[in-house]
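Just so you know, we're using our numbering here: the sequence shown kicks off at 36 and counts up by one.
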Amino acid sequence: MDRITKAFIDTNVLVSAIVFGGTPLRGLELAVKEDVEVVVSTYVVDELYEVLRRRFPSAAAIGGKALEWLSPTVVSSPSRDEWCNYLGVLTDEKDLPILVAALKAGVQVLVSGDQGFHKPEIGRLLPVYDASRFFATLYSNRAMKQASYSKLPDGGFCGRVPPCTGVIAFAHTLEGCRKELFSVLLDWVLLGLQMGHTLPDI
Numbered sequence: 036m037d038r039i040t041k042a043f044i045d046t047n048v049l050v051s052a053i054v055f056g057g058t059p060l061r062g063l064e065l066a067v068k069e070d071v072e073v074v075v076s077t078y079v080v081d082e083l084y085e086v087l088r089r090r091f092p093s094a095a096a097i098g099g100k101a102l103e104w105l106s107p108t109v110v111s112s113p114s115r116d117e118w119c120n121y122l123g124v125l126t127d128e129k130d131l132p133i134l135v136a137a138l139k140a141g142v143q144v145l146v147s148g149d150q151g152f153h154k155p156e157i158g159r160l161l162p163v164y165d166a167s168r169f170f171a172t173l174y175s176n177r178a179m180k181q182a183s184y185s186k187l188p189d190g191g192f193c194g195r196v197p198p199c200t201g202v203i204a205f206a207h208t209l210e211g212c213r214k215e216l217f218s219v220l221l222d223w224v225l226l227g228l229q230m231g232h233t234l235p236d237i
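Right, dumping it as structure tokens:
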């Protein structure tokens, strides 16, 4: 997936961003900068307040301010009749309202740290990213605006992203080079996150 314009954010990502910051927060910050339509359901909003109140009372007051800053599209939670057709797809029945709300909202990706969503049968319904891949995809899309391409003597193309040292790609066509460069850049960002490297400002 190249550009993300509409994403459903699960409760655990919101909680992590509010309480711990880090990559989940950076992903939401980039979503705001890049005008990504962030979608949550009423179920997610209620669960967010409940989790903060119960597990992180010192951060409970921040929940409302965080949602105000994020300014998400809030969709209605599906009824049991709507999500009962998906029984058996997820191990935890409590996750079904989130999956079905995301599907109904027509988002490109569901962002969740819940491992129950990260399995092939869910991926066939809707791409699911963890917070790191969500941030890396948004970061890569933003960095690609600074990409430069040169034509090689053999007629092929070479692409680079100047702020990201070592990110380079080659292909026979310009479009092929662009796709390969994005793939290389995405892997570079994910590896940097995994190793705790500081990524260049873009």
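Using N, Cα and C, we set each Cβ at its ideal position, and we do this for glycine too.
On a predicted model such as this, the values are computed, not experimentally measured, just so you know.
Closest by CA to Asp-70, which one among Pro-113, Pro-132, Leu-125 and Thr-108?
With distances taken between Cα atoms, Asp-70 lies closest to Thr-108.
Since Val-105 contacts Thr-46 with CB under 8 Å, what's their CB separation in whole angstroms?
The sequence as given places Leu at residue 105; Val does not occur at that position. Not confirmed; about 13 Å, so no contact.
By the 10 Å Cβ neighbour count, where 16 or more other Cβ atoms means buried, how is Thr-233 classified, buried or exposed?
Under this definition Thr-233 is an exposed residue.
Exposed or buried, which one is Ser-195 when buried takes at least 16 other CB atoms within 10 Å?
Sequence inspection shows Arg at residue 195; the Ser mentioned does not correspond to that position. Classification for Arg-195: buried.
I'd like to know if the segment 218-226 and the segment 170-178 are in contact, where contact means that at least 3 CB-CB pairs between them fall below 8 Å.
The segment 218-226 is in contact with the segment 170-178.
As a quick exercise: from Lys-129, Val-135, Asp-127 and Ser-111, pick the residue whose alpha carbon is nearest that of Asn-120.
Among Lys-129, Val-135, Asp-127 and Ser-111, the Cα nearest to that of Asn-120 belongs to Val-135.
How is Phe-192 classed by DSSP in three states: helix, strand or coil?
Strand, per DSSP.
Can we say the segment 44-62 touches the segment 74-83, given the rule of at least three CB pairs closer than 8 Å?
Counting Cβ pairs under 8 Å, three or more are found: they touch.
Could you tell me the boundaries of the beta strand (DSSP E) in which Ser-183 lies?
Taken as a continuous stretch (DSSP letters only), the beta strand (DSSP E) holding Ser-183 covers 183-186.
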